[in-house]
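K.L.:
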RNA sequence: GCCGCAUUCGUCUAGAGGCCUAGGACACCGCCCUCUCAAGGCGGAGAUCACCGGUUCGAAUCCGGUAUGCGGUACCA
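In this note's numbering, the protein residues as written are 16 to 514.
1. Measure from the alpha carbon of residue 269 to the alpha carbon of each residue in 254, 287, 235, then state which is nearest.
2. Mind reading off the beta-carbon distance from residue 353 to residue 387? Whole number of angstroms is fine, and I expect it under 8 Å.
3. Taking 8 Å as the threshold, find out whether the region 133 to 144 comes into contact with the region 234 to 249 through three or more Cβ pairs.
4. Counting along the chain, where does the beta strand (DSSP E) carrying residue 257 start and finish?
5. Taking contact to mean at least 3 C-beta pairs separated by less than 8 Å, is the region 421 to 436 in contact with the region 497 to 505?
6. Classify residue 145: buried if its beta carbon has 16 or more other beta carbons within 10 angstroms, exposed otherwise.
7. Counting beta carbon pairs with one atom in the region 384 to 402 and one in the region 356 to 370, are three or more of them shorter than 8 Å?
8. Specify, as a first and last residue, the run of the alpha helix (DSSP H) that residue 431 falls within.
9. Taking residue 51 as the reference, give the member of 225, 199, 24, 213 with the closest Cα.
10. Tell me the rounded alpha-carbon separation between residue 174 and residue 324.
11. Quick check on this structure: which residue in 67, 23, 170 has the alpha carbon closest to the alpha carbon of residue 218?
12. Hey, how far is the Cα of residue 299 from the Cα of residue 336?
13. How far does the beta strand (DSSP E) with residue 51 in it extend, from its first residue to its last?
14. Is residue 253 helix, strand or coil by DSSP?
15. Where are the alpha helix (DSSP H) runs, 4 residues long or more, that stay fully inside the region 21 to 63, in chain order?
16. So for residue 319, helix, strand or coil by DSSP?
17. Quick one: Cα of residue 41 to Cα of residue 292, how far?
18. Report the option in 476, 401, 381, 378 whose CA atom is closest to the CA atom of residue 367.
19. Expressed to the nearest angstrom, what Euclidean distance is found between the alpha-carbon atoms of residue 381 and residue 371?
20. Strictly by DSSP, which residues pair up with residue 229?
21. For residue 373 and residue 448, what's the separation of their Cα atoms in angstroms?
22. List in chain order: all unbroken alpha helix (DSSP H) runs of 4+ residues lying wholly within the region 287 to 347.
23. If you count every other CB in all the chains shown that lies within 10 Å of the CB of residue 25, and 16 or more means buried, which is it?
24. When DSSP labels each residue in this structure, what does residue 410 get in the three-state scheme?
25. For residue 266, count the other beta carbons within 10 Å of its own beta carbon; 16 or more makes it buried, fewer makes it exposed. Which is it?
26. Can you check whether the CB of residue 123 is closer than 8 Å to the CB of residue 114?
27. Report all residues from its chain with a CB closer than 8 Å to the CB of residue 278; omit the five preceding and five following residues, and keep chain order.
28. Give the straight-line distance between the Cα atoms of residue 65 and residue 191, rounded to the nearest whole angstrom.
29. Would you mind stating whether residue 116 and residue 57 have Cβ atoms separated by less than 8 Å?
30. Would you list the one or two residues that DSSP bridges to residue 161?
31. How many whole angstroms separate the CB atoms of residue 446 and residue 489, which I take to be in contact at a CB cut-off of 8 Å?
32. Could you tell me which uninterrupted beta strand (DSSP E) segments, each at least 3 residues in length, are contained entirely in the region 80 to 142, listed from first to last along the chain?
33. Can you tell me which of 383, 318, 329, 332 puts its alpha carbon nearest to the alpha carbon of residue 350?
34. Whole angstroms is fine: what's the gap from residue 492's alpha carbon to residue 444's?
35. Over the uninterrupted alpha helix (DSSP H) stretch that includes residue 193, give me the two end residues.
36. Figure out for me which residue from 38, 357, 82, 183 has the closest Cα to the Cα of residue 377.
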């Protein structure tokens, strides 16, 4: 049988970095071995699950390019795959049947303990320095006793009998793991009093029903795996293989969390990280090719991926490295592609009022040679060249005066530069045509070219760090360059008056 | 507390008994390039391979213990 793997997110929050990586590893495995990648929504936590989160997760996975072979119906699109539905709240009858089966075979039993009773048990165990576990008060209730509770109007939960013994399994990444059933905390609840099933139960029923062969998931489920194995056996199903992935960590090495790190994929998208970089980075967080290759596309990753090489230790999420990879991938984007991906970020600048007009695609294309290698993220576009799309520039008078110069020199230099530039015709307004005369001017004035250029740069852009000056002048256009130089001169004059 | 898992430069990692005076990358520092900023090139600093014992002619690699960290221990997933 070919491998069947799945990603089973819970729509209780936006797509999380950790979920994205788990999805990626499952996807890479499926594609590498020619297996099937299934998406299943685990929405049994009705209190926290929302359709908005569900959409967010699906959109995020699509954005990353992780397309599934089998999954739920979404927005009119019918469900794909032979085991629909793929949304747990639509599979309630399946769980009810499985629960009925366990109950009939006495592998599970109704428990009528109240929250108060359970809380008291827990407290007593704590006081006695015992590990918390269900004491089994309802484990041996007779049929009559059960009826009596029901008659009192009590609604029981369903508990699974864990029995005793050692549960062992060979985890693909961790090797052999053995856990004594005695440490599982006693018979655990598989169906709530309101009849809805719990995670440990649904995950097993579904993995069995969907014929999942390899469960590739986060390490936080490692300790729960014996419960799953017991359930698979009780239900009479084959136990799948397990591969527990190392956790992604906060800088303090605790499990990555919203409190301490940015965990939503959305946020990275909004900042201008591109999917190629995110996929590449996530793939290498906890796995490596074993070679020194590190810039890898999704296809190249598929080609090289092997779950058996996944690491055991957790990995700290390093944003700096992600940014570096992002820059690498931005530089590899074809021009049209870059423009398409950049446009929303320029639009966002416009919407935020940081620029005043939307540049055309031609304008953006002309800029590409000087900005492509200067963008660590797409969101940096406004910061880099936003000065091109505003009418009035705020210029700090102090910045107009290069370090080695005084105000008078700056005034003189800028005035001379204005004349020189004014003398260059519109048709000749190209980088190659601008540089020689301005260098000549610096020489005549006895200035260092760098100082003159810096004064001009600040005058026309308002910044000390910009793309190359002459390309920048061309992008601004002759008239705007002259206007801004005039304004800068006026600013310098005003400063002089006020001192 | 109990159970489980983990531990190589600050970070991501290479490493499957001799090729390791531990390699690469990010970040950091310096130099080159250069009109600034990037990008790129070159170089540097940075790891007693958590610790202690053992096995072996030889251990980052095998075994045992200790420590530390993390995860699990819900009518969350």
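From the three backbone atoms N, C-alpha and C, an ideal C-beta is built for every residue, glycine too. Since the structure is predicted, the reported quantities are computational estimates derived from the model, not experimental observations.
P.N.:
The structure says:
1. The residue from 254, 287, 235 with its alpha-carbon nearest to that of residue 269 is 235.
2. Beta-carbon to beta-carbon, residue 353 and residue 387 are separated by about 6 Å, close enough to satisfy the 8 Å threshold.
3. Counting C-beta pairs closer than 8 Å gives fewer than three between the region 133 to 144 and the region 234 to 249, which falls short of the contact rule.
4. Following the DSSP letters along the chain, one finds residue 257 inside the beta strand (DSSP E) bounded by residues 256 to 260.
5. Contact between the region 421 to 436 and the region 497 to 505 is present, because at least three Cβ pairs lie under 8 Å.
6. By the neighbour-count rule (16 or more Cβ atoms within 10 Å), residue 145 is not buried but exposed.
7. A contact exists between the region 356 to 370 and the region 384 to 402.
8. Residues 422 to 437.
9. Nearest of 225, 199, 24, 213 to residue 51, Cα basis: 225.
10. Going from the Cα of residue 174 to the Cα of residue 324 covers about 38 Å.
11. It is 23.
12. Approximately 11 Å between the Cα atoms of the pair.
13. It spans 51 to 54 - the beta strand (DSSP E) in which residue 51 sits, taken as one unbroken run.
14. For residue 253, the secondary structure class from DSSP, reduced to helix, strand or coil, is coil.
15. When DSSP assignments are scanned along the region 21 to 63, the uninterrupted stretches of alpha helix (DSSP H) that are 4 or more residues long and fall wholly within it turn out to be 32 to 48.
16. It is helical.
17. Roughly 18 Å between the two C-alpha positions.
18. Of the candidates 476, 401, 381, 378, the one whose C-alpha sits nearest the C-alpha of residue 367 is 401.
19. Taking the Cα positions, residue 381 is about 19 Å away from residue 371.
20. Under DSSP, residue 229 takes part in a beta bridge, and its partners are 256.
21. So the two alpha carbons sit approximately 28 Å from each other.
22. When DSSP assignments are scanned along the region 287 to 347, the uninterrupted stretches of alpha helix (DSSP H) that are 4 or more residues long and fall wholly within it turn out to be 290 to 298, 313 to 319, 334 to 347.
23. Classification of residue 25: buried, given that the 10 Å Cβ count is 16 or more.
24. DSSP places residue 410 in coil when its eight states are reduced to three.
25. Label assigned to residue 266: exposed.
26. Between residue 114 and residue 123, the C-beta spacing is below 8 Å.
27. In chain order, 31, 32, 33, 271, 272 place their CB closer than 8 Å to the CB of residue 278, counting only its own chain and leaving out the 5 sequence neighbours on each side.
28. The C-alpha of residue 191 is placed about 38 Å away from the C-alpha of residue 65.
29. It is not a contact, given that the beta carbons lie outside the stated cut-off.
30. According to DSSP, residue pairing for residue 161 in a beta bridge does not occur.
31. Taking the Cβ atoms as the reference, residue 446 lies roughly 5 Å from residue 489, within the contact range of under 8 Å.
32. Annotation note: the region 80 to 142 contains the following uninterrupted beta strand (DSSP E) runs of length 3 or greater, listed N- to C-terminal: 123 to 126.
33. Nearest to residue 350 by alpha-carbon distance, out of 383, 318, 329, 332, is 383.
34. Roughly 8 Å separates the two Cα atoms.
35. Premise fails: residue 193 lies in the beta strand (DSSP E), 190 to 195, not in any alpha helix (DSSP H).
36. Checked all of 38, 357, 82, 183; the closest Cα to residue 377 is 357.
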